[in-house]
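So the structure is just underneath, and the comments pick up after that.
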Ligand SMILES: C[S@@+](CC[C@H](N)C(=O)[O-])C[C@H]1O[C@@H](n2cnc3c(N)ncnc32)[C@H](O)[C@@H]1O
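Residue numbers (our numbering): 1276 to 1559.
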């Protein structure tokens, strides 16, 4: 079902990849967490501490420490919090992002730490690497933004060695964030018939964001030998978020985030299936 909806939405938005690039070029993911822009070390530390406070499950999923000596590719780098962890772990490391802005931030971080990696602009839908090159491909919150997500998965599969592992995060269609956004941009905006997929496509982060059920994710990664999928409740699901400029302008969103303390109280009883973060580990 999702594939057909996305085919139609993509066709209606022919310059989607340019829109995705423009969005992340104008504000690299999570860079708003860094306040101390003049003190660059401090700036990056602020970004990292917010990231791992909001999503404490990332290190357990990524398993940065196990990458020493392995060939690792990260695609979709944002502000580079995870990338610098891979670099510190001693991996042989490559990083690609659609935007110069992200590549510049990551190179700056590497220089500050005295570390080296091959970082450049690149597209997950058309990776320049040869087949069976990497032990690990990591991509967190990226491939649901690119217009041809199945193509991105095929590329990740291609560049992995047999037995290599992909660790990928995409959004879960049944998550609470999806429900809140649908409520806001659907019924509360006088459009009760808008589907959650359509709402997320138009209103979540860059234009074109897709969401997947666990079953759809399993199908997406069907070429892999072994696939493990789980979902987690994240800070967004609890409305515990620092709003980007785009959302700060919307009164209702500013009011909604005030409900966060209530949601945090019930956090221990929220089942993980209501989480919008979907973590996929797939072995080729
Ligand atoms: C939501 S951010 C996630 C960044 C980082 N992984 C994180 O978790 O903070 C999405 C990132 O993916 C990048 N991106 C989007 N489409 C891409 C593509 N086709 N190829 C490579 N990078 C892409 C964007 O430029 C942006 O940096």
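For every residue, glycine included, the Cβ atom is placed at its ideal position computed from N, Cα and C. Just so you know, these numbers come straight off a predicted model, no measurement behind them.
Here residue 1502 carries a strand assignment [DSSP, helix/strand/coil].
When secondary structure is reduced to three states using DSSP, residue 1331 falls in the coil class, being assigned neither helix nor strand. Put simply, the segment 1410–1419 touches the segment 1438–1450. At least three CB pairs are less than 8 Å apart. Ligand 1 never approaches residue 1446 closely enough for any of its heavy atoms to be under 7 Å from the residue's Cβ. Note on geometry: alpha-carbon atoms of residue 1395 and residue 1465 lie some 43 Å from one another.
Exposure of residue 1503 is indicated by the presence of fewer than 16 other C-beta atoms within 10 angstroms of its C-beta. Cβ atoms of residue 1321 and residue 1311 come within 8 Å of each other, at about 6 Å. Less than 8 Å divides the Cβ of residue 1538 from the Cβ of residue 1514. CA-CA distance, residue 1546 to residue 1486, rounds to 19 Å. In the structure shown, residue 1338 falls within a coil segment according to DSSP collapsed to helix, strand and coil.
Residue 1455 and residue 1516 have their alpha carbons spaced roughly 13 Å apart. Taking 3 residues as the minimum length, the beta strand (DSSP E) runs contained wholly in the segment 1418–1498 are 1435–1446, in order along the chain. Residue 1434 and residue 1519 have their alpha carbons spaced roughly 34 Å apart. By the neighbour-count definition (other C-beta atoms within 10 Å, threshold 16), residue 1481 is a buried residue.
Counting the other CB atoms within 10 Å of its CB gives residue 1428 a total of 16 or more, which places it among the buried residues.
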